[in-house]
Each structure stands twice: as structure tokens, then as C-alpha cells.
């Protein structure tokens, strides 16, 4: 296809590097440097899509990220197709397969255009008012039809073949936007040696200067100034340049998130490179130089293909060497369109200007329009054409009246309704906007974070002033305020006369002047919404869907605000703005997810003994992020048989458990004991080094957060253990209080979970197995009592050996450097075979601990359980001045006599294993809904007791010992006896190695 609309001898495209892609099956040619939009326009293709609701023909409206119309499905190869790509952003690359959306059977002949014929019925909110009756139709007809019609494009149905990565970065100054203000800011900040990141969403940095063919800056052309500035910045080691990078979210503490398109512009990218890179930048200072969006004009049929923004016409002409049309009418209410008209005239295009302003209000910009017909004091009342504009209908204004109509033949219209500063990121930073009447726009006001705005995004439109403002912002961000004057010529034409809807001689109720081009929202839709009582701008947005398209209202919001303001007779600041939520522009799911997909979506952590367990045929279960050995079946054994065997081995001989997954945190520092005393409810300052203590951690609300054994290794050092799944939240909990509540404490917190492998040796023969391998530690009961810790060596490897037990038996937990865990385990296992040593898994661990009444956080707790509820109230200090949760424990609710308390349950029939979660009731004959007294938290068959056992939280449970209650079963209820929550060795004598005198429940 010939590029009939390509202009000779200009633009920033590389004519030596042609590219070809397909659009709806037709081959389209362009050059490197083209976007899909510019290449299509160069080939005379103006019809690029269909609107969402009415399926009206649509062409490109803009040249950048604010494009609402030209949205394409782009196919880069197998598994690399995605919808809703803006043609103005996607770079033309050889081999792309591009297709338009929202039509059937074809773009040119769309049956959906029938909606346009019934447009008077499909007004704003018609969904809410139409599909209400008959009720039965909703499920069978209305909802399926609406869902089928909803959405733009088709979501991919195959896995994404691309790779995405995340990167964290810190800098002194982050500059967002590399137009004139951004370049000046980066030059000023980096000149002072600060680490600077300059990010811009376009393929080339330079912003509006890339399309400026007439301005000079300090005697250089705009393009030369950009080239010199970028060369200077690239030559500074303290500067990082990120083209093709969009800052889409601004969060607390100057945390700005960007997405970089790494390979989309490459026809054959290196497979080692990611498609996109998500940057999470923490900046000391931020400079926003995000520019402004040109506003369309609202008039009848302002949406035909070939009608686009005036600055976009200028950009296509100067940057891409494309004539959007041969005969162009510029319709405007301000000065900037004159510059676009002059540039179009300079390349030989037929140009006419229609200006809403009367002759007397046109300023110096008239000097740019030499040889151009200007129709001052004229309005636009409509357009002609079908799949492309063929004419613009205009009429003179006099005394508020619209005169005789006149049609100006044309194949392109460049419209300009003024400018709207891009304040999205500023608003996301929680900065406060202020309204400037003279420019009819909201601009940044008071900053909340270490941020400053510069240039057009601040309402400054003169080029010299933009450059000076950018320089000052960059210098201030660098901490060395300074100013610099830039000589920019000619003077920038600025100023416009605000216009919501252009005056017309037609019935306003019948005129469809589009504001939101993608969602087909018209000016009369806004009026209808307000008349129906939706006066809040947020309500109007949702009722009409204005600003809810992929462009998020960049070209429509100010027009809608102005209309609401006029209808309600309120100033625009009283109307307010909609919320500027991230992302600023659409972001791929791949960029957000990064590497968290497939096997890495839910990462599995494996313990040092995982491979050994696999070799032994262990079955596994997932515990938090860890994969733990569940049980070790022998030939012919099911889980119940294997667990029963493992339980008997531990009770009668010795067993080994891989406990490496327990969370481990080291608390170190001169104030370590004081920190522990504050973070836990029990006392720690008097715990001697070499001793252990059970710690129960509370949240601020007084409820249990986690538990674990704590060993005091030295006066200034504690080895804290947590539950397997609790380590991250406990460390975060500790850090939160250390950093925000007690910053005066000299304490350091370090996660050491993966530094130490842990082997639990449990059972009456535990000491016999350990003794031959341990040096430097006296293992005798007198020298090494229960709840003590010693440091020495095992097999010549350093160890922190704890005398602790989660089974109720004589027990030791061996902490060794993780890399030595398997060697130590295998030595113990080989020697222990003479004692019948048995590896056991988490299921056996659960049974053994339940027999002794030991709790597990997450089973016996649910976020509403206190220490006293579990019978552990004695652990809570009555004399400490303060600790986390102390105040909440004083609430009357915490002392209610009917609170759920931990008890044991025995099935009366001696054989029913209760379901965990089963509800407990007192009377099965009571009417529904029954009064539930509590629920089962843990339930197992106990080989030691010889019966099923269960732990439960029951209302006033400790007063119900001996009572018979009823637990729900799949078939009804079963009677249970309430007993103390300890089923074996209630005297606790077996932890000292004695197996005589222990009793069963």
C-alpha cells in the first residue's frame, strides 16, 4: 500500500528502515519511528475502530497516551497477543498483526451500527431503567446479553509467552516527563551531582519539542536543544534515562511506580530480555513535568474519522511527516491552534481556521496565520461524512445568535478547545488542586510529599517560562535552588476562551456532541444525569460512564465538569473533580505480576531435609509457603497406620522431626531485654542467659498473634522462634513497634529462619541418640534441664541446642547451620536405628501435641482468642507497666464469663473422630437457628489414648468439665464429653525422660 499521505523531507522517522505490518489482514508500510497511527494515516487509512455503545465509525483523535478511539489487538506471535493497545503509542514494527475491535463482521460493515439508529433510546443510564422488568428476564436474557456486549476487545485465551520483571531503585531526584520542563529539571538536578532518574512514556525523549519545527532555544532549533540535552544527560554517570517508561502510580513516601516497555519496539527481541520492566522507585524528591492534554470541542458529530486534535495534526505533520488530510480546517477557541495551522500550511496543505472568538479577542497568534483564511466569531454546528469527514458546518455568531450555515469542504479537522494540565500523579500523591479561572483548569496547589510540578502540568504554557520553571524545580529538588533564563523564540501563542458546548442553531436536546469518544457520552447525557438528580461529579461519572474508558477521561473530564457547573450554576471548584486513581494509563497484568506466575506464583520453600524425605517416600503438605513432610508411610500403610506407628515410636523410643521451617528471629542489642518485655505480655528482663521461655505474642487488640519458644543466648541476644507461617508477620509486627513506637531502643532484628536447620529429637531415648555426637555440652538432666539452651558442637558443627519439647516427651531441638542439617540428621538416624529411631511428619506432630494439650496458632486461635481463653492467663504479667495489648485486655468484654475457652472433647461412643470446625450445641432438640456454644479446633485419633480426641473452644468451657454436649456430624450430631484439654501425662513428668506414672485422660 502506497504511503500517499507521507510528506517528503521532514519528520523524525528513519526512511532508510521501512517496516511492514498488517491491519485487518491488509499490508501497511511505514518507517522506523512511526506509530501504528502515523503509519495508517500515511497510508490514507482513517477508519480505525468503532465506538463502544453506538458502534459509530471512529478514527484517531490524538497522538499520545490519551487516545480513546484507535484501540487495536496487537499480535506479536504465539502467546503474545493482547487487546486495547493505543495505536498512538504502539510503535510500528515489522511483522505485527494488528486488528481493530468492537465490530462484526468487519470494520467497514458493522452490524452493531444499528445501535446508532436507536440512539434516542440508548441514553445515559438506560441500562438501569430498562432491564428491570420482567424480573425473570434478567438471568435468562438481560444479563447474558449485556455481558456479551460488555468490554472492548477479546482477552487472550493462551498463556502469555513473554517474561516480565520488577526492579527496585532509589534516587535523589525522579523527574517524570522529558519534555522541555523535564529536560531542564534533569539538567539542573544532575548538574549538582544528584542521582537522577528521568522517565518519559514516549519512544523518544523531548515531549512537545519533538514536533516543534519553528522554535529556537538559546539559538538552537528545538530538535538540536533536545539532542544536546540528552547527550549531556547520557554523559553523566549519575543519570538514568528511561524512555518508553510510564509513571502510572504515585504512592506514600515518594514511592512512584513505572512500567518500562523493553522489547515491544523490536521485531526480533533477545529472548533473554523481558517484555516489560516494572520499576518501583523511592525518590528523595520528585519533579512532575507531565505536560497537558488538549481538549476537543463539543459540537454535533464531532467524532467522525478525520476529526482530531489540532496539536495532534501538528505532531503528525512535523514529527511523523504525515498529512492527516490535504484540506484541513482548524476549529478553535484559542491561540495554540494557530501554530498547528501555520505548520500545516508550511508543508503545502490547504488550511482554514474557524475561531469561536470574535476578531477583537484574537491576539498575536494572528501573525502566524499569514495566507490562511480565518473565520473569526464563528461556531461549528456539525460535520458531514460517514466513515471519514468530508466537511465542517460552520456559522457566524452575532449578538449571541447563530447565523447562516456554511459547509467547509475538508478531509481533516484539527480542533482545539484549550488545555488541561495532567495533574493525575500530583493528585495521587495526595496533593491539593486549585482552580485557575484564567486558564479554566485545575493545577497543582499544596504538595503533601517532597514533590514539585513544573511546566504545562502546572498551567504554564509559554516555552521560555516552561524551561525556566523546570530548571528551578530541578535545582530546588537537588537542594541548591537556582534560576536560569532560556531564550525561546518565537513567543508561544497561549490563551483560550472556555467553551463547554459550541453554540448551535439546532435543538440542543437532539444534538449529539461527544465528550467521551470511547463510551459515546454526549453533552446531553451529562445534562440528563444532572436533571435526574445526579449532582455529584462522581455520580455523574458512573451514571453516564464519562471518563470511565481506557483514557480515564483525559480528553473529556473538564468538559463534563464545565457542563455540570453551568447546569447547577456553581463554580467549577464547588463541583470538584473525579478521583485520579492509578494507573495513569493501562498497565499489563504481566508487568504487575512480574515473575510471580507458574511455579513462582505461589513459591514453595523447602527445608534442608526435603530431599532426604523425598528419598524415604514421605508424603508432603503445604504449610504456609513451606512444603513439609506430612508422614512417612511404609509399604501397605495408609496415613492413619503410618501416623499411629510414628506416634508409638516417639512415645516409646525416639523420633526425628525436621523443624527447620519454624520462624527464627534474632533480637540483639543493649535494649533487647526491654524490647522483649514490651512486645510480649510475660516477663523477660530476669530470664537468665542459657534459659528458654514460652512466649505468647499479642496484637494491640489483646488477641493472640503468635507463639514460640524464646532462648536467651546472652544478656543482649535472644533467639526467638515463631510458628512456621507466622515469621513474616511477627517480624513485621516487631519492626513496626521498634521503628514507630520505640525508636529510642537500641535493638536490631534479623530474620535467621534459613540460617539454621532444626532437628527435633523427641522421645525417652532422645538423650541416648544425641550423646555420642555432642561436645562441649553436658546433656545430663541436672546440668541441662528442660527449657534450657546451650551452645556447643555436634559432629564438629556449631549448634544451639535447646532442651524443649512439643510432644511432652524428653526432647531436644538441634539448631545447626542449614548446610550441615542433612549430615547431622543422617548420622543421628544411622546411630539411632539401634533404638528404633523413626522419622515423623507434621501429622504425627499434631497428634502428639494435641495429646498434651499444646496449642497451634491458627487452629486454637482465630484472631479473637486471648491468653486466658486458652488457659494461659497466668502468662500475662500483672505487674508490668505496659506491653502490647495490655490496655485492650482491660476491656470488659475480655473478662466475660461466657467467653469461649479451650477444653478437651471425647466422643462418647469412643470411635467418632470429630470434624474440625464442627459446631457444639447443648441441646439437639432446640429450634433452628440453634445456639452454638463453640467449635472443634483440632481433632485426631490418638494411638496413645486409644480413642478419638479433640480440642475445642466452648462458651464458659472450663465450667462445663464433665458435661455432655453435642457436636455436629455430616449425618446429624454425636454426643461428646467435655474434659480438660490434656489427654496424656497431665503431670508433665515425661519431659524429664521418665515414662513411669504418666496417665491418660
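In our numbering, the protein residues as written are 392 to 1392.
The beta-carbon is built from N, C-alpha and C at its ideal position, and this holds for glycine as well.
Every value quoted in this text rests on a predicted model; they were computed, and no experiment measured them.
- Contact annotation, residue 1324 with residue 1295: C-beta distance approximately 15 angstroms; criterion of less than 8 angstroms not satisfied.
- In this structure, 1032 is the residue among 1032, 482 and 1152 with its C-alpha nearest to the C-alpha of residue 1022.
- Annotation note: the segment 1163 to 1250 contains the following uninterrupted alpha helix (DSSP H) runs of length 4 or greater, listed N- to C-terminal: 1212 to 1223 and 1233 to 1242.
- Distance between residue 1136 and residue 1275, taken at the CA atoms: about 15 angstroms.
- Residue 810 and residue 846 have their C-alpha atoms roughly 13 angstroms apart.
- Boundaries for residue 806: no alpha helix (DSSP H) harbours it, while the beta strand (DSSP E) harbouring it runs 803 to 807, taken from the DSSP string.
- Contact between residue 1058 and residue 1234 is ruled out by a C-beta separation of about 32 angstroms, above the 8 angstroms threshold.
- Burial check for residue 744: the Cβ neighbour count within 10 Å reaches 16 or more, so the residue is buried.
- The beta carbon of residue 910 sits closer than 6 angstroms to those of 443, 936 and 940, all from its chain and outside the five residues before and after it, given in chain order.
- As the crow flies, the alpha-carbon of residue 408 is around 30 angstroms from that of residue 449.
- According to the DSSP assignment, residue 1018 belongs to the beta strand (DSSP E) that extends over 1017 to 1022.
- Counting of Cβ neighbours within 10 angstroms places residue 1088 among the buried residues, the total reaching 16 or more.
- Residue 1126 counts as exposed, since fewer than 16 other C-beta atoms from the protein chains shown sit within 10 angstroms of its C-beta.
- Counting along the chain, residue 905 sits inside the beta strand (DSSP E) bounded by residues 905 to 907.
- For the segment 879 to 915, the full-length beta strand (DSSP E) segments reaching 3 residues or more read 905 to 907 along the chain.
- Bounds of the alpha helix (DSSP H) holding residue 933 are 928 to 935.
- In this chain, the beta strand (DSSP E) harbouring residue 1341 covers 1338 to 1346.
- When DSSP states are grouped into helix, strand and coil, residue 487 belongs to the coil group.
- By DSSP's assignment, residue 1012 forms a beta bridge with 1019.
- About 12 angstroms separates the CB atoms of residue 775 and residue 785; that is not less than 8 angstroms, and the two are not in contact.
- Counting only the Cα atoms, residue 505 lies some 21 angstroms from residue 900.
- Between residue 433 and residue 416 the beta-carbon gap is near 19 angstroms, outside 8 angstroms, which marks them as no contact.
- No Cβ-Cβ contact shorter than 8 angstroms links residue 498 with residue 476.
- Taken through DSSP and simplified to helix, strand or coil, residue 499 comes out as coil.
- In the structure shown, the three-state DSSP call for residue 1066 is helix.
- Under the three-state reduction of DSSP, residue 474 is assigned to strand.
- In this structure, the alpha-carbon of residue 1230 lies about 25 angstroms from that of residue 1143.
- Comparing C-alpha distances from residue 613 to each of 624, 622, 623 and 597 shows the shortest one belongs to 597.
- The C-alpha of residue 753 lies about 44 angstroms from the C-alpha of residue 655.
- One Cα belongs to residue 798, the other to residue 782, and the distance between them is close to 6 angstroms.
- Going by C-alpha positions, residue 756 is about 8 angstroms away from residue 727.
- Between the C-alpha atoms of residue 823 and residue 837 there is a straight-line separation of about 5 angstroms.
- Sequence-distant partners of residue 649 (beyond 5 residues in either direction) whose C-beta falls short of 6 angstroms from its own C-beta, in its chain, are 590, 636, 638 and 670.
- Membership of residue 1153 in any alpha helix (DSSP H) is not indicated; the residue belongs instead to the beta strand (DSSP E) covering 1147 to 1153.
- Contact check for residue 692 against residue 717 fails: the beta carbons are separated by 8 angstroms or more.
- DSSP places residue 401 outside both helix and strand once states are collapsed to three, so it counts as coil.
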